[in-house]
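Asker: Residues in the sequence shown are numbered from 48 upward in steps of one, following my numbering. Cβ coordinates follow ideal geometry from the N, Cα and C atoms, glycine included. Got a structure here, written out as structure tokens. Questions coming.
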Amino acid sequence: MPLHERMEGCMQDVRATPYKPLSDEFIALETYVAWRGLGLPVETPAVRN
């Protein structure tokens, strides 16, 4: 699921007014979240056989 879809879902869950797609606010929020994750290891759930 793309990051912007997850953020839209979060905004709906807390009943916030969602930003318009490609708005300056949305791009700034996505950029900040991506920047915060730089250099962090990617964690995935364990795969079970």
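Going by the beta-carbon positions, is the gap between Tyr66 and Phe73 smaller than 7 Å?
Answerer: Contact flag set, yes.
Asker: With a Cβ-Cβ cutoff of 7 Å, do Glu77 and Leu50 count as a contact?
Answerer: Result yes, Cβ atoms of Glu77 and Leu50 sit closer than 7 Å.
Asker: So Val80 is in the alpha helix (DSSP H); what residue range does that whole segment cover?
Answerer: Its alpha helix (DSSP H) spans residues Asp71 to Arg83.
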